[in-house]
Structure formats: structure tokens, C-alpha cells
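Protein chains in written order, with the working numbering: chain P, 33 to 249; chain U, -3 to 104.
Note that the Cβ used here is the ideal one computed from N, Cα and C, for glycine as well.
For reference, the structure discussed in these notes is given below.
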């Protein structure tokens, strides 16, 4: 089972680290993680889910889900998630698929933006999924169970390993998810600046990305 | 957050610039940021190089890399929220009119 690197940056280190190495490290860590055994899928299955999200075959419920999350996320309905469950993809496994498809999309969009080719996935790593459940989740304002009202930071909380990984990537690519800290590159700092990009500039990019994706959260 | 952070920096922002590339948002290099975002999200092979060069010319390479990272982060977050069925909050429901883009029917 994948565990987060022991040498991952502390909050203080992450707040002062130079950007490009921080993003690169975070992306390489995610790619490695995506082909390791997860919570409900083996490394091989996660590799296939990633490939399906990118354009690979969609011959299983998990792969169909990955492709739709990646390509047509706004067409997803609660009924369709129920159909996936009837086809063997339980809600927690669905959450893991959502995470995998969303994370690989983040990586691919970044690479397309900076002008480098799409990265190849590493070979899958053998091992068994952890099957670790989070008993502290329930249905609130989402179709998937979460710890409290669903917001981006806890939307994957039914699968804690995915939630932690996604928040790590969010911290490296956007801002550190700490609303109670009003200095440094944190979400709580309304005047944060990163690499010469001011908070309003970051928010303009974020808002326009969401608009183009037809996402109105 | 865009409006709030802009006010703190003393910027006079036209929120319609978020929804329309033809409207100047009032944010420095806003047009270049919007053009780059469109090229990346829409995977426009023809436009992305031009948009990248223009953004780098205006804000520098590090800012261009950061902008690409922010796009990546929200490509991820958008999918997470849509796939989990989390719709707009009450606070966000009023934003459609402000930015000149009404909420789609699926949120009625």
C-alpha cells in the first residue's frame, strides 16, 4: 500500500519552498502513487483507470467511470452512480476512481500548459489494496459520503489516502488548504502571491477554468 | 475570493471579465491569463504556444508555470465536485448574474 513520503515537506517548508521543484516533486509523487495499490484497487487496476481517463478502453465500470469523470463530468447523475454500483463499483471504489481521474487530469493539464509532452505512467506495482474504510463519513450535500458538508478539501474523505494525496497536490499547484493561516501561500491569505502571480490573478485563472468546465461550485 | 482579494490590493475589478474574454477584468495581465486558460482547458494546440509566450512576456516564466499549475488544480477540483454531485452554494448562486453567466438548468 502506498504511504505518503516520510520526507514530504512540513507546512513551514512548503510555504517557503521554490515553486517548480515543489510542483515537480508533487507530480512525480502522484504518478508513483497512481500505479501503486490503493484502497480498493490494485496497482494494475489503478494504472488501467488512469489510462481510461486519458483515452484508454472503458470496458469495466471503473474505467467507464474514469472516462466520464475526465471527459464529461457535468453529465454525471446520482442515478448513473447507482447503475455503477449495480455493476459492481461500490461508492467508496467510485470515490477512488474519481480521485484517480481528477488527479491525472490535473497533471496532464499542467504539462500541456507549460508545453511538455504527456508523462508516461510508471509500471504498476504489485500488492493488495488496503481496503481501509473511513467510518466517520455520511451523506450530506453530495452523492458520496463525506466528513461533514462536502467541500473540495473533504470531498474524497470516504477514501482517506486519496483525500490526503489530492490535498497535497492542491497545496503544490494552487494554495495550501489552511484557512486559518493568513500568511504565505495559503488559502487563508487573501493577498497571497506565488511566483509573481497575485491572488486575484490566481482567482481569475481558477474562475475561468471553472467556467470553461461548466462547474459552478 | 476574486473580488475580495482584488479589493485588498486596491484593484477595481469588473467581474464580467471572468465570464467574457472581451471584457477587461481590470486585473493586470487579465487578458493574457484568460487566453492562456482557454487554450489549456480547451486543449487548443494552435493557440497555446501564442498564449504561453504572451503570458511569459507580461508576467515572466515562473508566473506562467504557476498559472498552468492553478489551471491543473481547478481541472481537478471541478471534476471532483461534479462527480460527487456538489452543486453551487447559496453564496455562489448569485454569482451567475455578477459574472454575466447564468447558472445552467441542471441547478434549478
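In the three-state scheme derived from DSSP, where H, G and I count as helix and E and B as strand, residue 170 of chain P is classed as strand.
In this structure, the CA atom of residue 40 of chain U is about 10 Å from the CA atom of residue 47 of chain U. Its Cα nearest to that of residue 225 of chain P, the residue P:206 stands out among P:243, P:211, P:206.
Against residue 165 of chain P, chain U offers no close residue; the least beta-carbon distance is about 18 Å (beta-carbon pairs closer than 7 Å). Secondary structure at residue 229 of chain P: strand, using DSSP grouped into helix, strand and coil. Against chain P, a Cβ distance below 7 Å from residue 5 of chain U picks out 223, 230, 232. About 5 Å separates the beta carbon of residue 22 of chain U from that of residue 9 of chain U, a gap short enough to meet the 8 Å contact definition.
In this structure, the CA atom of residue 1 of chain U is about 13 Å from the CA atom of residue 215 of chain P.
Taking the Cα positions, residue 184 of chain P is about 32 Å away from residue 49 of chain U.
Considering only beta carbons, no part of the segment 65 to 95 of chain P lies closer than 8 Å to chain U. Counting only the Cα atoms, residue 63 of chain U lies some 15 Å from residue 201 of chain P. The continuous alpha helix (DSSP H) containing residue 13 of chain U extends over residues 12 to 15.
Interface criterion met: the Cβ of residue 110 of chain P is under 8 Å from a Cβ in chain U.
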